[in-house]
Amino acid sequence: MFKPELLAPAGDLTRMKYAFAYGADAVYAGQPTFSLRSRENGFKNLDDLAEGIAYAHARGKKFYLTSNIIPRNVKVESFQKALLAAIDLGPDALIVADPGFVGWIREVRPNAEVHLSVQANCTNYLTAKFWQGLGVKRVILSRELRLAEILEMKERLPDLELEVFVHGAVCMSMSGRCMLSNWVVHRDANLGACDNSCRMPYRLYANEGPQVEDYREHEGNFTLQRTDRPELDPIALDEDTWGTYFMSSRDLCAIEVVPELIKGGLESFKIEGRTKSVYYLSQVVRAYRMAIDSCFEQINAGKEPAISDESRRAVTYLDGRGFMQGFLKGPLPQNYESTHMPADAGCVAAQILDYDEASHSVRVNVKNPFTMDDKLELMTPAGMATCPVESMNDFRGGAADRLNPGTEGRVFLPKNVKFDNNNAEFSFFVKDFPQKSL
Ligand code: SF4
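Using this note's numbering, you'd call the opening residue of the sequence shown number -16 and step up by one each time.
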């Protein structure tokens, strides 16, 4: 049985290192101008890419170059020039969406491996076969597919590698080719400048009751009703202090589907989110690493695979819009019901910067306020464990009961707590994290 690859986003070199530390087999990253992530992208030049590729290869990992814009004429030549230079750095594959560029790469660099981007919307086996015929090694499947459709594609095309999204934000429209961001803020999603317009708050001034004269005074819970289709159920809307997020779908979480995807022979499981924090990235990669490893082992041992509660716990309490299994298995393809992380869900308290053996203490970058009384867990690539604190110093070096976000501090560990200095820079303190998943 084939063990699938765990593929993580790398918004910059730091995120790439965390992804590998927590168990990713491969990362995807691209230049701001030519991949679909122009903002918050740390791979600014060829030197950054070369460093990332070398770091990955030194650890036996893979680095895929995302080059999936849909360029206009004016950008063709600069894109070609940039691609040739990037291909010469030796990435393991190029993720490409534009058919012209797939053909051109196959012509000028026939040895370069090409993966078809999700942006190309491959939704059936005939299309996948077409791309395979053009020399594409792997197809990244459209997120709008049902599990059964994906498994059928694998069965029909056993020699074509298939990559499937398992976690992260989803578009409210068909993945790729969306014009919403162009319309709302004049930023082209197909050139990597998506503003996430569908995920932003919108305030509404109508409610389900009788129309009132000055409806703007009636904030609270709302419903949306199609006026042309009164037979349809109203869509319930609620607001937080920013407004309502009525176009923002819940995030995809396919952790429960991992056993079926492994059994189906899928080659690569992909996590979305090149702009997410290193803490979010570390927890998600950790969760899917545990899930893939344990399910693979159980299947090979002839057992019925099950997802561990620790895998679920790792993805349950992360910032986001709540989860769904999306088009894979969910009763609804997308889910716009507003849900948020429970208020008592815990959070990252601090990112550990380094360890001082002499004082058995760690220097931390505080992300959320925490006190000596908070229930802290130490999270490292080896796992999460309760970690009592002996004492703390604030950024001035004085004793402190509480550390505040945006500052550095020092946390002293009890003598009986062992600290793995090799992983110091990839460790976190997590605060009040529930022991069980929801
Ligand atoms: S605006 Fe929303 S649906 Fe459109 S590309 Fe951006 S994230 Fe996707």
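All C-beta atoms, glycine included, are put in the ideal place defined by N, C-alpha and C. For clarity, every value in this text was computed on a predicted model and none was experimentally measured.
Secondary structure of residue i, DSSP reduced to three states
i, result
"Leu278", "Here residue 278 is Cys; the residue named in the question, Leu, does not match the sequence. In this structure, Cys278 counts as helix in the three-state DSSP scheme."
"Gln102", "helix"
"Val413", "strand"
"Leu396", "coil"
"Glu(-12)", "strand"
"Ile254", "strand"
"Lys419", "coil"
"Val267", "helix"
"Ile123", "strand"
"Cys181", "helix"
"Lys423", "As shown, the chain starts at -16 and ends at 421. That puts residue 423 outside it, with no answer to give."
"Gln194", "Note that Gln194 scores 44 on pLDDT, short of 50, meaning its location in the model is unreliable; the coordinates nonetheless yield the value given after this. Reduced to three states, the DSSP call for Gln194 is coil."
"Asn405", "helix"
"Val261", "helix"
"Ala(-7)", "coil"
"Asn94", "coil"
"Ile53", "coil"
"Asn173", "helix"
CB contact flag (residue i, residue j, <8 Å)
i, j, result
"Ala270", "Val298", "yes"
"Ala(-15)", "Val147", "In the sequence as presented, Ala is not what sits at residue -15; that position holds Phe. No; because the gap between Cβ atoms is not below 8 Å, this pair is not in contact."
"Ile78", "Asn173", "no"
"Gly392", "Met375", "yes"
"Ile36", "Leu66", "no"
"Cys181", "Met230", "yes"
"Gly13", "Ser50", "yes"
"Ala407", "Tyr338", "yes"
"Ala7", "Leu29", "no"
"Val101", "Trp114", "no"
"Leu163", "Ala111", "no"
"Pro288", "Pro352", "no"
"Val240", "Leu311", "yes"
"Thr354", "Glu360", "no"
"Phe409", "Gly329", "no"
Delimiting residues of the beta strand (DSSP E) encompassing residue i
i, result
"Met362", "Leu359 to Thr363"
"Gly366", "Gly366 to Thr369"
"Ala284", "Element bounds for Ala284: n/a, residue is neither H nor E."
"Leu336", "Cys330 to Asp339"
"Gly151", "Glu144 to Gly151"
Alpha helix (DSSP H) segment containing residue i, residue limits
i, result
"Glu138", "Leu130 to Arg139"
"Thr299", "Asp292 to Thr299"
"Lys0", "Leu(-4) to Ala4"
"Glu60", "Asn56 to Ile70"
"Pro242", "Val241 to Lys246"
"Glu90", "Pro82 to Val91"
"Ile36", "Leu29 to Ala41"
"Val167", "Leu163 to Val168"
"Leu311", "Gly309 to Lys312"
"Ala111", "Tyr108 to Gly116"
Top-ranked residue by Cα proximity to residue i, from the options
i, options, result
"Lys259", "Ala65, Arg(-2) and Phe(-15)", "Arg(-2)"
"Arg233", "Ser50, Gly25, Gln102 and Gly305", "Gly305"
"Tyr11", "Ala(-9), Arg22 and Ala2", "Ala(-9)"
"Leu(-4)", "Arg182, Asp276, Phe46 and Gln63", "Phe46"
"Ile335", "Phe412, Asp142, Phe26 and Val97", "Phe412"
"Asn405", "Val85, Met162, Pro364 and Lys64", "Pro364"
"Ala9", "Ala(-7), Phe17 and Arg22", "Ala(-7)"
"Glu340", "Val372, Ala328 and Lys398", "Lys398"
"Val119", "Val57, Glu135, Leu145 and Ile133", "Leu145"
"Pro82", "Asn94, Leu99 and Ala68", "Leu99"
"Phe3", "Leu386, Pro371, Leu264 and Lys350", "Leu264"
ask   = Does the stretch 153 to 170 come close enough to the stretch 121 to 131 to have 3 or more Cβ pairs within less than 8 Å?
value = yes
task = Check whether the stretch 60 to 75 touches the stretch 104 to 111, counting contact only when three or more Cβ pairs, one atom from each stretch, lie closer than 8 Å.
result = no
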